[in-house]
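Trainee: Quick note on my numbering: the sequence shown kicks off at 6 and runs consecutively.
All C-beta atoms, glycine included, are put in the ideal place defined by N, C-alpha and C.
The structure that follows is given in the form of C-alpha coordinates.
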Amino acid sequence: MLLWPVYSRFSTLLAVRQQAADEQDALLQDRLRLQALVQVKGQAARLQQQLSTLQGLLPDRPDEGGLLNEWQGMANDTGLQLLQVQFADYLPQKEYVEMPVTIVLEGQYEGLLAFLAELQQGARAVKVKEIKIGKGRQEAPLMRVELTAGVFYTVSGSGN
(Lines of atoms letter the chains of each structure in order from A and count residues from 1; the text may use other names and numbers.)
(Lines give C-alpha, C1' and ligand atoms only; values in the text may rest on other atoms or scores of the structure.)
Protein backbone atom coordinates (compact mmCIF):
# COMPACT_ATOMS: atom_id res chain seq x y z
CA MET A 1 0.00 0.00 0.00
CA LEU A 2 2.86 2.34 0.62
CA LEU A 3 4.08 1.91 -2.91
CA TRP A 4 0.79 2.85 -4.50
CA PRO A 5 1.10 6.67 -3.98
CA VAL A 6 4.68 6.58 -5.32
CA TYR A 7 3.62 4.49 -8.31
CA SER A 8 0.65 6.77 -8.92
CA ARG A 9 2.80 9.89 -8.84
CA PHE A 10 5.42 8.25 -11.05
CA SER A 11 2.73 7.28 -13.55
CA THR A 12 1.36 10.83 -13.47
CA LEU A 13 4.88 12.23 -13.99
CA LEU A 14 5.44 9.94 -16.99
CA ALA A 15 2.07 10.93 -18.44
CA VAL A 16 2.86 14.64 -17.98
CA ARG A 17 6.29 14.18 -19.59
CA GLN A 18 4.71 12.34 -22.51
CA GLN A 19 2.10 15.08 -22.86
CA ALA A 20 4.86 17.74 -22.81
CA ALA A 21 6.80 15.81 -25.47
CA ASP A 22 3.64 15.53 -27.58
CA GLU A 23 3.03 19.26 -27.19
CA GLN A 24 6.63 20.00 -28.24
CA ASP A 25 6.21 17.77 -31.30
CA ALA A 26 2.96 19.53 -32.17
CA LEU A 27 4.64 22.92 -31.69
CA LEU A 28 7.50 21.86 -33.95
CA GLN A 29 5.01 20.71 -36.61
CA ASP A 30 3.15 24.02 -36.33
CA ARG A 31 6.42 25.94 -36.72
CA LEU A 32 7.31 23.91 -39.81
CA ARG A 33 3.85 24.54 -41.26
CA LEU A 34 4.18 28.25 -40.52
CA GLN A 35 7.60 28.31 -42.15
CA ALA A 36 6.17 26.61 -45.24
CA LEU A 37 3.30 29.12 -45.37
CA VAL A 38 5.73 32.04 -45.09
CA GLN A 39 7.73 30.55 -47.98
CA VAL A 40 4.56 30.14 -50.05
CA LYS A 41 3.57 33.71 -49.27
CA GLY A 42 6.99 34.90 -50.45
CA GLN A 43 6.66 32.84 -53.62
CA ALA A 44 3.14 34.14 -54.19
CA ALA A 45 4.43 37.69 -54.54
CA ARG A 46 7.14 36.54 -56.95
CA LEU A 47 4.68 34.42 -58.93
CA GLN A 48 2.21 37.31 -59.09
CA GLN A 49 5.00 39.51 -60.48
CA GLN A 50 5.83 36.84 -63.07
CA LEU A 51 2.15 36.56 -64.00
CA SER A 52 1.94 40.33 -64.49
CA THR A 53 5.05 40.23 -66.68
CA LEU A 54 3.66 37.38 -68.78
CA GLN A 55 0.30 39.10 -69.13
CA GLY A 56 2.20 42.12 -70.45
CA LEU A 57 4.07 39.95 -72.94
CA LEU A 58 0.83 38.28 -74.05
CA PRO A 59 -2.02 40.71 -73.39
CA ASP A 60 -5.65 39.91 -74.15
CA ARG A 61 -5.99 42.37 -77.05
CA PRO A 62 -3.93 43.39 -80.11
CA ASP A 63 -3.22 47.05 -79.16
CA GLU A 64 -1.62 48.01 -82.47
CA GLY A 65 -1.54 51.67 -81.41
CA GLY A 66 0.41 50.84 -78.27
CA LEU A 67 2.88 48.80 -80.30
CA LEU A 68 3.36 51.65 -82.78
CA ASN A 69 4.06 54.08 -79.93
CA GLU A 70 6.48 51.64 -78.29
CA TRP A 71 8.37 50.96 -81.52
CA GLN A 72 8.51 54.66 -82.42
CA GLY A 73 10.01 55.36 -78.99
CA MET A 74 12.54 52.56 -79.47
CA ALA A 75 13.51 53.91 -82.88
CA ASN A 76 13.95 57.40 -81.43
CA ASP A 77 16.02 56.02 -78.52
CA THR A 78 18.33 54.11 -80.84
CA GLY A 79 18.81 56.78 -83.50
CA LEU A 80 16.76 55.02 -86.16
CA GLN A 81 13.98 56.42 -88.28
CA LEU A 82 10.80 54.34 -88.28
CA LEU A 83 9.61 54.46 -91.89
CA GLN A 84 6.76 51.96 -91.96
CA VAL A 85 4.85 49.46 -89.84
CA GLN A 86 2.46 47.15 -91.66
CA PHE A 87 0.37 44.48 -89.97
CA ALA A 88 -0.74 41.51 -92.08
CA ASP A 89 -3.81 39.33 -91.53
CA TYR A 90 -3.85 37.88 -88.04
CA LEU A 91 -3.14 34.16 -87.63
CA PRO A 92 -5.44 32.66 -84.96
CA GLN A 93 -4.05 29.69 -83.06
CA LYS A 94 -5.65 27.60 -80.31
CA GLU A 95 -4.80 29.84 -77.33
CA TYR A 96 -3.28 32.91 -78.94
CA VAL A 97 -3.32 35.03 -82.07
CA GLU A 98 -0.18 35.91 -84.01
CA MET A 99 -0.07 39.36 -85.56
CA PRO A 100 2.41 39.26 -88.47
CA VAL A 101 4.10 42.62 -88.91
CA THR A 102 6.73 44.21 -91.12
CA ILE A 103 8.76 47.05 -89.60
CA VAL A 104 10.91 49.20 -91.89
CA LEU A 105 13.67 51.29 -90.30
CA GLU A 106 16.54 53.38 -91.52
CA GLY A 107 19.73 54.23 -89.68
CA GLN A 108 23.13 52.94 -88.68
CA TYR A 109 24.13 49.39 -87.78
CA GLU A 110 24.67 50.18 -84.10
CA GLY A 111 21.16 51.60 -83.95
CA LEU A 112 19.77 48.37 -85.40
CA LEU A 113 21.55 46.33 -82.74
CA ALA A 114 20.24 48.62 -80.01
CA PHE A 115 16.71 48.48 -81.49
CA LEU A 116 16.78 44.67 -81.54
CA ALA A 117 18.00 44.61 -77.92
CA GLU A 118 15.17 46.95 -76.87
CA LEU A 119 12.69 44.88 -78.86
CA GLN A 120 13.83 41.78 -76.99
CA GLN A 121 13.41 43.55 -73.63
CA GLY A 122 10.17 45.27 -74.64
CA ALA A 123 6.75 45.04 -73.05
CA ARG A 124 5.40 42.60 -75.66
CA ALA A 125 6.57 39.22 -76.91
CA VAL A 126 7.98 39.70 -80.42
CA LYS A 127 9.38 36.91 -82.58
CA VAL A 128 11.73 38.27 -85.26
CA LYS A 129 11.49 35.94 -88.25
CA GLU A 130 13.60 37.72 -90.85
CA ILE A 131 15.86 40.75 -91.15
CA LYS A 132 16.60 42.22 -94.57
CA ILE A 133 19.31 44.86 -94.74
CA GLY A 134 19.81 47.10 -97.76
CA LYS A 135 21.18 50.47 -98.70
CA GLY A 136 19.49 53.46 -97.10
CA ARG A 137 18.00 56.38 -98.98
CA GLN A 138 21.02 58.53 -98.23
CA GLU A 139 24.74 57.99 -98.09
CA ALA A 140 26.78 54.95 -97.05
CA PRO A 141 26.52 54.82 -93.23
CA LEU A 142 22.74 54.58 -93.38
CA MET A 143 21.02 51.32 -94.13
CA ARG A 144 17.43 50.30 -94.64
CA VAL A 145 16.23 47.45 -92.43
CA GLU A 146 13.08 45.42 -92.95
CA LEU A 147 12.09 43.27 -89.97
CA THR A 148 9.49 40.58 -90.45
CA ALA A 149 8.12 39.55 -87.08
CA GLY A 150 5.17 38.20 -85.16
CA VAL A 151 3.53 39.80 -82.12
CA PHE A 152 1.08 37.84 -79.99
CA TYR A 153 -1.98 38.21 -77.80
CA THR A 154 -4.15 35.67 -76.00
CA VAL A 155 -7.64 34.71 -77.07
CA SER A 156 -8.88 33.94 -73.55
CA GLY A 157 -9.57 37.60 -72.77
CA SER A 158 -12.70 39.54 -73.57
CA GLY A 159 -11.05 42.21 -75.71
CA ASN A 160 -10.72 40.22 -78.94
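Distance check for M104 and V133, CA to CA, integer angstroms please.
Mentor: A direct Cα-to-Cα measurement between V133 and M104 gives close to 12 angstroms.
Trainee: Helix or strand or just coil, what does DSSP make of Y95?
Mentor: coil
Trainee: Using the beta-carbon count (16 or more within 10 Å), is A80 buried or exposed?
Mentor: By the neighbour-count rule (16 or more Cβ atoms within 10 Å), A80 is buried.
Trainee: Whose CA, out of L8, L73 and T83, lies closest to the CA of E123?
Mentor: T83
Trainee: In terms of residue numbering, what span does the alpha helix (DSSP H) encompassing R38 cover?
Mentor: L8 to L62
Trainee: Mind checking which residues open and close the beta strand (DSSP E) that includes E69?
Mentor: Note, E69: premise wrong, no beta strand (DSSP E); alpha helix (DSSP H) at E69 to T83.
Trainee: For the pair the region 140-151 and the region 124-131, tell me if three or more CB-CB distances fall below 8 angstroms.
Mentor: no
Trainee: DSSP state of F157, grouped into three classes?
Mentor: DSSP, read as helix, strand or coil, puts F157 in strand.
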